[in-house]
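Its first residue numbered 1, the sequence shown is counted upward by one per residue in full-length UniProt numbering.
A virtual CB, placed ideally from N, CA and C, is assigned to each residue, including glycine.
Keep in mind that this is a model prediction, so the values were computed, not measured.
Input: a single structure, listed below in structure tokens.
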Amino acid sequence: MNQTLITEFILLGFSNLLHLQGLLFCMVLFMYMVTVMGNTLIIFVVTVDPALHSPMYFFLDTYLFEMQAVRSMLLFLMFPFVLILVSYVHILTTILRMRSAEGRCKAFSTSSW
Numbered sequence: 001m002n003q004t005l006i007t008e009f010i011l012l013g014f015s016n017l018l019h020l021q022g023l024l025f026c027m028v029l030f031m032y033m034v035t036v037m038g039n040t041l042i043i044f045v046v047t048v049d050p051a052l053h054s055p056m057y058f059f060l061d062t063y064l065f066e067m068q069a070v071r072s073m074l075l076f077l078m079f080p081f082v083l084i085l086v087s088y089v090h091i092l093t094t095i096l097r098m099r100s101a102e103g104r105c106k107a108f109s110t111s112s113w
């Protein structure tokens with residue numbers, strides 16, 4: 001039975017940079033304080049404005065994103081489809097312009113219709 005028990009985690013990335021410990025601490029502290037202040041600001045604005053007390057289902061609606069995805073899909077699918085359709089029409093008109101019925105029969109039998 002293969003079992004491994006790990007009870008500790010050691011991050012070795014900054015152990016050799018003792019002269020930068022103060023700078024790294026200040027940077028991480030600054031990012032933490034900005035995050036806490038941003039969250040506090042959001043909580044404050046939501047408590048002050050009663051209109052924000054109701055859930056905002058507007059942000060959960062994916063209808064517009066789905067419509068854009070369908071439009072892009074149609075654009076990318078219609079171009080090759082129209083190109084293939086035009087080439088088949090050209091092949092068909094070329095075959096139908098043949099003068100002999102025998103040539104038309106042979107052309108239809110060799111094409112992948």
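Per-residue DSSP class, three states only, for residue i
i: Gly-38; result: helix
i: Thr-7; result: coil
i: Gly-13; result: coil
Alpha-carbon spacing of residue i relative to residue j, whole angstroms
i: Val-46; j: Met-37; result: 14 Å
i: Ser-54; j: Phe-79; result: 45 Å
i: Arg-97; j: Val-82; result: 22 Å
i: Met-27; j: Leu-18; result: 15 Å
Runs of alpha helix (DSSP H) lying entirely within the segment 17 to 86, each at least 4 residues, in chain order | For secondary structure counted as the alpha helix (DSSP H) over 4 or more consecutive residues, the segment 17 to 86 holds these complete runs in sequence order: 21 to 48.
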